[in-house]
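> In our numbering, the protein residues as written are 29 to 188.
All C-beta atoms in this analysis are idealised placements derived from N, C-alpha and C, irrespective of residue type, glycine included.
Only a predicted model underlies this, so the values are computations on that prediction, with no experimental measurement involved.
Could you have a look at this structure, given as structure tokens, before my questions?
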């Protein structure tokens with residue numbers, strides 16, 4: 029129940045093995061737009077809008093909850109005089125990143141490896157610190173030096 033719609037030339041969608049995508053919609057709307065999804069990444073519901081020849085790159089072992097949105101542009105240009113105000117930007121998500129339900133990842137964002145993005149967060153700028161929790165609208169650093177585990181056996185532990 030996923031869709032990849034490529035309405036452009038010279039565009040590539042690469043999805044590596046080992047993971048799964050349920051209810052993933054990829055919309056590539058301008059020439060030279062690309063998406064890469066790394067090994068063992070699981071997506072439980074997301075929409076990727078890839079415009080302006082930009083890219084979305086997602087690392088390995090990432091986990092996306094439901095209703096995630098990634099946008100490399102605003103879909104419509106805004107000008108002030110002769111200057112465009114809202115240029116697009118590629119999105120890069122590192123390895124082992126967990127993105128909570130209803131999060132929005134906007135143009136030009138970099139999410140470092142080991143990060144957790146909280147539910148309903150709006151990420152509008154590059155994040156810097158690996159192994160950290162970010163949350164809010166707009167997103168801000170909540171906790172540093174964290175690690176997270178996909179395996180359910182860790183849910184019942186209070187510490188490692």
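(1) Identify, in the order they occur along the chain, each residue of the same chain with its Cβ nearer than 6 Å to the Cβ of residue 30, setting aside the five sequence neighbours on each side.
(2) Using a 10 Å radius around the Cβ and a threshold of 16 neighbouring Cβ atoms, would you call residue 124 buried or exposed?
(3) Hey, quick one: how far does the beta strand (DSSP E) through residue 182 stretch, first residue to last?
(4) Tell me which residues share the same chain as residue 175 and place their Cβ nearer than 8 Å to its Cβ, disregarding the 5 neighbours each side in the sequence.
(5) Is residue 106 buried or exposed, if buried means 16 or more other CB atoms sit within 10 Å of its CB?
(6) To the nearest angstrom, how far is it from the Cα of residue 173 to the Cα of residue 108?
(7) Residue 113: which of 179, 122, 102 sits nearest, CA to CA?
(8) In the DSSP assignment, what are the bridge partners of residue 120?
(9) Closest to residue 164 by CA distance: which of 148, 157, 178 is it?
From the atom records:
(1) These residues qualify, in order along the chain: 49, 52.
(2) Counting of Cβ neighbours within 10 angstroms places residue 124 among the buried residues, the total reaching 16 or more.
(3) Looking at the DSSP string, residue 182 is not in any beta strand (DSSP E), and its letter there is neither H nor E.
(4) Non-local C-beta neighbours of residue 175 in its own chain, meaning closer than 8 Å and more than five positions away in sequence, comprise 142, 159, ordered along the chain.
(5) Answer is exposed; the Cβ neighbour count stays below 16.
(6) Annotation: residue 173 to residue 108 spans about 42 Å, alpha carbon to alpha carbon.
(7) Ranking 179, 122, 102 by CA distance to the CA of residue 113 puts 102 first.
(8) DSSP output for residue 120 lists 85, 138 as bridge partner(s).
(9) Scanning 148, 157, 178 for the CA closest to the CA of residue 164 turns up 148.
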